[in-house]
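*Asks:* Sharing a structure, written as structure tokens. Questions coming.
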Amino acid sequence: QVPLEDHVIYSGNIFQYMEENKKWRNRFCVVPHNYGLVLYENKAEGAAPPRCRQAPPAPHHRHPAPSAPLSSFPLPTGVTPKSGQSPILKCPTDFPLILWHPYARHYYCCVMTGKEQQRWRAVFQDCVRHCNDGISEDSRVEAPAFTDAIRMYRQAKEQFGTWDMLCGNQTQVLSNLVMEELLPELRSTIGPRLKGKAQERQRTWIQISDAVYRMVYEQTKAQYEAVLAKCEQERPRMESIIRTDMDQIITSKEHLASKIRALVLPKAEVCVRNHVQPYISSILEALMTPTSQGFAEVREVFFKEVTDMNMNIVNEGGLEKLVEYMEKLSQLAFHPVKMQCCYEKMEQLKLEGLQQRFDVSSTSVFKQRAQIHMRQQMDDAVYTFETLLHQELGKLQGKEELCKSIQRILERVLKKFDYDSSTVRKKFFREALLQITIPFLLKKLAPTCKGELAKFQELIFEDFASFILVENTYEEVVLQSVMKDIMQAVKEAAVQRNHNLYRDSMVLHNSDPNLHLLAEGLPLDWAEEYSGR
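If you're matching positions, the sequence shown starts at 1138 in this note's numbering and goes up one per residue.
Printed below as a string of structure tokens:
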């Protein structure tokens, strides 16, 4: 479902720097449901074709462009140049906003007031966050296969640790991978030949990088689609082999795993005991504090919005006002400005010395993941509230009953939110701990284990070589060596009720059973259903 289909997320006036004539122009900017910015010459022109349509920003901190979606990066905390650097252009106001891309052109905007700057920063960060999350989790096989392939490609080049360019859709991720290797070579070849003052050379370099990125993007897109088509062709043949030989494949895999386990597990367990286990609780605490504060803020924003709505219904009228307020409430999770106070809590995430120890290049991966969970939890809470209220409406008589019913439903939904939030956060903590520790372990074990893996290839029948991979089995064994400690650490945090976490058994017994029966349905259209009453 597209929860925002045909909705505008945000709109307003903004100044944009035009590269063509090096001038600033006033534009009316609209952010539609797909998070791709659309610029008009003025508000009245909104119905006409836009002056400039930009693809949604995608990974990291970047801005979109007309011809291809670029990867986008979260807006920098500060938009002023580092001391000692002269700015690339002069901004007409004191409130700039920069949509920055590591390889393609940047987009420079500015607004008139600090308050506007804060709002637009929240909007742009939401666009970036949405587009960085370009690999759908709905595909439970293809998505992990793709990200594993990227990780193994980098590990083969001795690049372990998290990679903060793993953002955007598959083509954007692959383009980032190519540009990461290509750009230093380009810079050393072309850089010395650029003429003019420092600012002019910087501008020229950005244009060159942008042109190269677009070429890389188009070629990568074509080649990736060709690979997908080839995989799809192979699928029927492979499926028939799997179905026929499943028992033998499983037996063969278990035999291989037992041999690799005998070699790797003792070394992995020593490594975990000496280099990982002492730090798990510190990493977990660093993750739990900002994440739990963010989820608590989501709860508070939801509570405040519903309570305010209830007060306004008491003071201003019944069902007619309810329709108006429910229309707004249904979009709450996608309101970048209202949700910003929740997202900001994650900016406190710091792993301090742990970041260097475990080779975590950036915490942005974890920040954005948690922020996306927050938005989902808010949307779930709103949807549950809407559905329960909708079921009650036919039975209610008068404004007073309506307000009491809203209060009762709010309490039910908040209770459900607390248990759901606990479940989501625990899953996030486990995944984050694995994402931090597994690459570290693989790097530590590589000198003593990696060279030994080749001899295990002979244990696999040739017919099964497409289904059983030595490298994957080795990584599964490494994962098993640390998984128990991670599960235990998260479980202990829940038993102690740290940061309002619940034990799994409590979630099952104490949460409202009726709420688990709510099915996924179409979004409610309050205006259409109740506008005549």
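Each residue gets a CB set at the ideal place from its N, CA and C atoms; glycine is no exception.
Which of the three DSSP states is assigned to N1449 in this structure?
*Replies:* Taking the sequence shown and counting its residues from 1, the one referred to as residue 1449 is at position 312. When secondary structure is reduced to three states using DSSP, N1449 falls in the helix class.
*Asks:* How big is the Cα-Cα spacing for H1267 and H1170?
*Replies:* To locate residue 1267, count along the sequence shown from 1; it is residue 130. To locate residue 1170, count along the sequence shown from 1; it is residue 33. Computed Cα separation, rounded: 11 Å.
*Asks:* Let me check you understand the geometry: is the CB of S1559 closer than 7 Å to at least one non-hydrogen atom of the ligand COA?
*Replies:* The ligand COA is absent from the structure shown, which contains no ligand whatsoever.
*Asks:* Would you please state the rounded distance, in angstroms, between the beta carbons of F1439 and A1518? I believe it to be under 8 Å.
*Replies:* Translated into positions along the sequence shown, residue 1439 becomes position 302. Translated into positions along the sequence shown, residue 1518 becomes position 381. The Cβ separation is near 5 Å, so the contact holds.
*Asks:* Going by the beta-carbon positions, is the gap between A1470 and M1476 smaller than 8 Å?
*Replies:* The sequence position of residue 1470 within the sequence shown is 333, counting from 1. The sequence position of residue 1476 within the sequence shown is 339, counting from 1. Yes, the Cβ-Cβ distance between A1470 and M1476 is below 8 Å.
*Asks:* Determine the contact status of L1488 and K1563, defining contact as a CB-CB distance below 8 Å.
*Replies:* Taking the first residue of the sequence shown as position 1, residue 1488 is located at position 351. Taking the first residue of the sequence shown as position 1, residue 1563 is located at position 426. Cβ atoms of L1488 and K1563: not closer than 8 Å.
*Asks:* Name the DSSP bridge partner or partners of R1164?
*Replies:* Residue 1164 sits at position 27 when you count from the first residue of the sequence shown. In the DSSP output, where bridge partners are listed per residue, R1164 has I1151.
*Asks:* State the CB to CB distance for the pair L1578 and V1401, rounded to an integer number of angstroms; the pair is presumed to be in contact (CB under 8 Å).
*Replies:* For the purposes of this step, residue 1578 is identified with residue 441 of the sequence shown, where counting begins at 1. For the purposes of this step, residue 1401 is identified with residue 264 of the sequence shown, where counting begins at 1. That pair is no contact at about 10 Å.
*Asks:* First and last residue of the beta strand (DSSP E) that includes F1566?
*Replies:* The residue you call residue 1566 lines up with position 429 of the sequence shown. Per DSSP, F1566 belongs to no beta strand (DSSP E); it is in the alpha helix (DSSP H), 1535-1586.
*Asks:* Among the candidates R1351, R1256, E1369, A1630, whose CA atom is the shortest distance from the CA of E1481?
*Replies:* Here the question's residue 1481 lines up with position 344 in the sequence shown. Per the Cα distances, R1256.
*Asks:* Smallest Cα separation from H1472: which of A1423, L1525, D1516?
*Replies:* Position 335 of the sequence shown, counting from 1, holds the residue named residue 1472. Comparing alpha-carbon positions, the option among A1423, L1525, D1516 lying closest to H1472 turns out to be D1516.
*Asks:* By the three-class DSSP mapping on this structure, what secondary structure does Y1177 have?
*Replies:* As a first step, residue 1177 must be located in the sequence shown, where it is residue number 40. Strand at Y1177.
*Asks:* So, using beta-carbon positions, are D1347 and A1280 closer together than 8 Å?
*Replies:* Along the sequence shown, read from residue 1 onward, the residue named residue 1347 stands at position 210. Along the sequence shown, read from residue 1 onward, the residue named residue 1280 stands at position 143. No; because the gap between Cβ atoms is not below 8 Å, this pair is not in contact.
*Asks:* Output the residue ranges of the alpha helix (DSSP H) runs that lie fully inside the segment 1250-1289 and measure 4 residues or longer, sorted by chain position.
*Replies:* 1251-1269
*Asks:* Less than 8 Å between the C-beta atoms of E1442 and C1478, yes or no?
*Replies:* Working through the sequence shown from its first residue, we reach residue 1442 at position 305. Working through the sequence shown from its first residue, we reach residue 1478 at position 341. Taking 8 Å as the Cβ cut-off, E1442 and C1478 do not qualify as a contacting pair.
*Asks:* Residue range of the beta strand (DSSP E) that I1235 falls in?
*Replies:* One-based indexing of the sequence shown puts residue 1235 at position 98. Residues 1232-1236.
*Asks:* Straight-line CA distance for G1173 to L1236?
*Replies:* Locating residue 1173 in the sequence shown gives position 36, counting from the first residue. Locating residue 1236 in the sequence shown gives position 99, counting from the first residue. Going by the C-alpha atoms only, they are around 13 Å apart.
*Asks:* Could you give the residue range of the beta strand (DSSP E) that holds C1478?
*Replies:* Looking up residue 1478 in the sequence shown gives position 341. Note, C1478: premise wrong, no beta strand (DSSP E); alpha helix (DSSP H) at 1473-1480.
*Asks:* What's the call for T1610, buried or exposed, on a 16-neighbour Cβ count within 10 Å?
*Replies:* Position 473 of the sequence shown, counting from 1, holds the residue named residue 1610. By the neighbour-count rule (16 or more Cβ atoms within 10 Å), T1610 is buried.
*Asks:* State the DSSP-derived secondary structure class of T1500, mapped to helix, strand or coil.
*Replies:* Numbered from its first residue, the sequence shown carries residue 1500 at position 363. DSSP places T1500 in coil when its eight states are reduced to three.
*Asks:* So, does the segment 1377-1387 touch the segment 1597-1609, judging by three or more C-beta pairs under 8 Å?
*Replies:* yes
*Asks:* Near V1260, what residues of its chain come up, given a Cβ to Cβ distance below 8 Å and the 5 sequence neighbours on each side ignored?
*Replies:* Mapped onto the sequence shown, residue 1260 falls at position 123. Correct list, in chain order: I1146, Y1147, V1168, P1473, V1474.
*Asks:* Rounded to whole angstroms, what is the Cα-Cα separation between L1539 and E1457?
*Replies:* By 1-based counting over the sequence shown, the position of residue 1539 is 402. By 1-based counting over the sequence shown, the position of residue 1457 is 320. About 12 Å.
*Asks:* Excluding sequence positions up to five away, which residues of its chain have a Cβ less than 7 Å from the Cβ of I1397?
*Replies:* Position 260 of the sequence shown, counting from 1, holds the residue named residue 1397. Only F1593, T1610, Y1611, V1614 meet the Cβ criterion.
*Asks:* Closest by CA to E1317, which one among K1294, Q1370, K1532?
*Replies:* One-based indexing of the sequence shown puts residue 1317 at position 180. E1317 has its Cα closest to that of K1294, out of K1294, Q1370, K1532.
*Asks:* How far does the alpha helix (DSSP H) with C1408 in it extend, from its first residue to its last?
*Replies:* Taking the first residue of the sequence shown as 1, we reach residue 1408 at position 271. Run containing C1408: 1335-1408, per the alpha helix (DSSP H) assignment.
*Asks:* By DSSP's criteria, P1169 is part of a beta bridge. Which residues make up the other side?
*Replies:* If you number the sequence shown from 1, residue 1169 lands on position 32. Its beta-bridge partners are V1145.
*Asks:* For T1299, which residues does DSSP report across the bridge?
*Replies:* If you number the sequence shown from 1, residue 1299 lands on position 162. Partner(s): V1497.
*Asks:* Leaving aside the five residues before and after E1529 along the sequence, list all residues of the same chain whose C-beta is less than 8 Å from its C-beta, in chain order.
*Replies:* If you number the sequence shown from 1, residue 1529 lands on position 392. Counting only Cβ-Cβ distances below 8 Å, and skipping sequence neighbours, we find S1542, I1546.
*Asks:* Taking one C-beta from the segment 1625-1636 and one from the segment 1422-1429 each time, how about it: are there three or more such pairs within less than 8 Å?
*Replies:* yes
*Asks:* Report yes if the C-beta distance between Y1245 and T1308 is below 8 Å; otherwise report no.
*Replies:* As a first step, residue 1245 must be located in the sequence shown, where it is residue number 108. As a first step, residue 1308 must be located in the sequence shown, where it is residue number 171. Not a contact, by the Cβ cut-off of 8 Å.
*Asks:* Would I1701 and D1270 be called neighbours here (beta carbons separated by less than 8 Å)?
*Replies:* One cannot answer for residue 1701 here, as it falls past the ends of the chain, which runs 1138 to 1670.
*Asks:* Between the alpha carbons of F1604 and A1583, how many angstroms are there, rounded?
*Replies:* As a working mapping, residue 1604 is identified with position 467 in the sequence shown. As a working mapping, residue 1583 is identified with position 446 in the sequence shown. Taking the straight line joining both Cα atoms gives about 23 Å.
*Asks:* If we call anything under 8 Å between Cβ atoms a contact, is A1626 one with I1417?
*Replies:* For the purposes of this step, residue 1626 is identified with residue 489 of the sequence shown, where counting begins at 1. For the purposes of this step, residue 1417 is identified with residue 280 of the sequence shown, where counting begins at 1. Yes; because the gap between Cβ atoms is below 8 Å, this pair is in contact.
*Asks:* Can you give me the C-alpha to C-alpha distance between V1451 and N1158, rounded to a whole angstrom?
*Replies:* Looking up residue 1451 in the sequence shown gives position 314. Looking up residue 1158 in the sequence shown gives position 21. C-alpha separation (whole angstroms): 56 Å.
*Asks:* Compare the beta carbon distance of P1427 and L1491 with 8 Å and say whether it is the shorter of the two.
*Replies:* Counting from 1 along the sequence shown, the entry for residue 1427 is found at position 290. Counting from 1 along the sequence shown, the entry for residue 1491 is found at position 354. Their beta carbons are not under 8 Å apart, which means P1427 does not touch L1491 by this criterion.
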